[in-house]
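Worksheet: the structure to be examined is printed underneath.
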Amino acid sequence: MTSTNKIYFYPLWLRIWHAINAIGIILLIITGISMRTAEESSFISFNVAVNVHNVSGVLVSINYLVFLIGNIITRNSVYYIVKPKNFIKRPLKQAYYYIWGMFNGMKAPYPLSEKRKFNPLQKYFYVFIMYVAVLLVIITGFALLFPELIIEKVYNLSGVFITAVLHSALGFFISIFLIIHLYVASIGKTPLHNFKSIINGWHHV
Amino acid sequence: MRNCQFIIQLLFLIGINTVARAQYYNDAQNHACLKCHSNQSYKFHNSLLETEEKKLMNPYYIIDTTALKLGVHNQFDCTDCHSYDYTTYPHNAELKLEPLGTCLDCHGGDESFARYQFEVIDEEFRKSVHYQLYEDNFTCAKCHSQHTYASTTRISDDVLKIVEYSNNMCLSCHNDMKRYEMVSGHENPKIVQIHEWLPNQELHFEHVRCIECHTQVTDSLLVSHNIVGKEQAVRNCVECHTANSRLKASLYKYQNLQQRSENGMLSTVISNDSYVIGANQVPLLNWLSKLIFILTLAGIIIHTVFRILKK
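Going down the list, the protein sequences come from chains A and B. To get the numbering used here, take the position in the first sequence, counting from 1, and add 547. To get the numbering used here, take the position in the second sequence, counting from 1, and add 13.
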């Protein structure tokens, strides 16, 4: 392995943001599930779960601003731009590679380079998670933290109830994303390679 | 012809009866008692001095005529319960000594009121902190004014209104220094301060009744009357914030609320007015989330197996 096929993929600010986000979201998932399925014999007491969830939620929200500002002032945002050309075909090609191609000698259709940090499927997922799901989960989370701000009734249902169901559903999809994210990260040069990259910043291509 | 006469007589009697049931409080200004007791001030003729006098009414003796008309006892006139001698003024001082009927005097042992379980309520009440501390000084009327009591909880389908009505009963003393002190002999503790430990206090106060935490829930009664003090009150969040929430055995036990939830699209009893973390379980979403989770894990396991086999 020579230094020429090493790319400095993840700058320090991004790695710090990612680490805080990872810890925060894992805490939010654990405490969120604990609150939703609260029982007398819960592993985490309800009070602790509520407090940890609130603090982690605020931390992840502040961290989200770091992500937005970081993307504005650095070049990181270009990796999230979705090209309209072959909008459906490109991610499907990548999915085909994951499902069939990689087991049958096919080369990765969109190899990572300095210009391409994410493959199309990955890009679509990240855009949806970071610019839709996380944004909405933050908005609904703050609404639940200050429930007096929420519309009282939507037809015959409590506004807080609808906000809470939306918040939990989004939280659930983020959890599913996390599982897939961790698994797909293991499809690298070695199963641990991508995990090392997000810690030291260097990616071998 | 005779039949016709009978029908006319019958209709006349029904008419009289219907009017009689509602007539007492329709015209408060001309009612013997309410012309004074529904106003801030009252006038009378002083026969000794031969003058017309105007005085302020004791605020505790002013009756809210709107609430009176909406109350469950609206078919009774004042003198059905109070002495007829009250119709003369000045009232005879000895009338104060006259014992008034208690709830059980009318409702106890009566088959037509059996479903309200007045006797069980009385038994439960005798275990409560109110009876333990103040015994017979603490009458039903301290919470349930016979003048204005309305059966909101059994009828209303608006949880927030039920909660407000119920909590106002408690607050009428617990948030009123004079009324509280009259019974207890000491100053009332400040509600907001003693509940400071409760997260989202305002939200809790608006969405659940005081008695949700301050009673020992019993299966046999709709409203437990065994009110408990702070030492025995619920402080454990999980008693309500769980799938098997205590609220389902208290506030949401009412059939009028249960039925409404059955018609609701998400078939969850609490969802219409509130959201209780842990207690609001939407079965369809729970089932769907489990399915998605299992499919995700299955996909990952199958993919991993292929990765190992095709290495």
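C-beta atoms are modelled at their ideal positions from N, C-alpha and C, and glycine is treated no differently.
Query, Result
"Any chain A beta carbon closer than 8 Å to residue 323 of chain B", "yes"
"Interface positions of the segment 717-739 of chain A facing chain B (Cβ-Cβ less than 7 Å), listed along the chain", "719, 723, 726, 727 and 730"
"Helix, strand or coil at residue 68 of chain B [DSSP, three-state]", "strand"
"Cβ neighbour criterion (16 or more within 10 Å) applied to residue 644 of chain A", "buried"
"Paired residues, beta bridge with residue 55 of chain B - DSSP", "B/68"
"Chain B contacts from the segment 679-700 of chain A (Cβ-Cβ distance under 7 Å)", "694"
"Nearest-angstrom Cα separation, counted from residue 614 of chain A out to residue 754 of chain A", "With chain A running from 548 to 752 in the structure shown, residue 754 of chain A is simply not present."
"Residue environment, residue 708 of chain A, which counts as buried when at least 16 other CB atoms sit within 10 Å", "buried"
"Those residues which DSSP pairs with residue 701 of chain A across a bridge", "A/704"
"Below-8 Å beta-carbon distance, residue 254 of chain B vs any chain A residue", "yes"
"Contact residues within the segment 653-667 of chain A, judged by C-beta distance below 7 Å to chain B", "none"
"C-beta neighbour in chain B for residue 713 of chain A, strict 8 Å", "no"
"Same chain only: Cβ atoms within 6 Å of residue 134 of chain B, ignoring 5 sequence neighbours per side", "238"
"Segment limits, alpha helix (DSSP H) that includes residue 120 of chain B", "116-120"
"CA-to-CA distance, residue 735 of chain A to residue 676 of chain A, given in whole angstroms", "22 Å"
"Within chain A, partners of residue 129 of chain B - CB distance below 7 Å", "The premise fails here: residue 129 of chain B is roughly 29 Å from chain A at the closest Cβ pair, so nothing lies under 7 Å."
"For residue 553 of chain A: DSSP bridge partner residues", "A/751"
"Inter-residue spacing [alpha-carbon to alpha-carbon] between residue 181 of chain B and residue 64 of chain B", "42 Å"
"Anticipated Cβ contact below 8 Å, residue 309 of chain B with residue 727 of chain A, distance rounded", "7 Å"
"Residue 263 of chain B beta carbon less than 8 Å from that of residue 225 of chain B", "yes"
"Three-state secondary structure assigned by DSSP to residue 240 of chain B", "strand"
"Interface residues of chain B facing residue 707 of chain A [CB-CB closer than 8 Å]", "287 and 288"
"Where residue 558 of chain A falls: helix, strand or coil (DSSP)", "coil"
"Residue from B/78, B/186, B/145 and B/245 with nearest C-alpha to residue 204 of chain B", "B/186"
"Integer Cβ distance of residue 234 of chain B from residue 145 of chain B, believed to fall under 8 Å", "So it is not a contact: roughly 18 Å between Cβ atoms."
"Test item: CB-CB of residue 206 of chain B and residue 86 of chain B under 8 Å", "no"
"Rounded straight-line distance, which links the Cα of residue 658 of chain A to that of residue 738 of chain A", "17 Å"
"Sequence ranges, alpha helix (DSSP H) only - wholly within the segment 138-218 of chain B, length at least 4", "142-147, 165-168, 172-187, 190-197 and 204-207"
"Segment contact, 8 Å Cβ cut-off, at least three pairs: the segment 248-260 of chain B with the segment 285-302 of chain B", "yes"
"C-beta contact flag for residue 242 of chain B and residue 162 of chain B at 8 Å", "no"
"Residue range of the unbroken alpha helix (DSSP H) whose run includes residue 738 of chain A", "Element bounds for residue 738 of chain A: n/a, residue is neither H nor E."
"Min CB distance residue 226 of chain B to chain A below 8 Å", "no"
"First and last residue of the uninterrupted alpha helix (DSSP H) at residue 93 of chain B", "91-94"
"Local Cβ density within 10 Å of residue 670 of chain A, reported as buried at 16 or more and exposed below that", "buried"
"Cβ neighbours of residue 68 of chain B in the same chain (closer than 7 Å, five flanking residues each side left out)", "54 and 55"
"Residue 172 of chain B classed as buried or exposed, judged by whether at least 16 other C-beta atoms fall within 10 angstroms", "buried"
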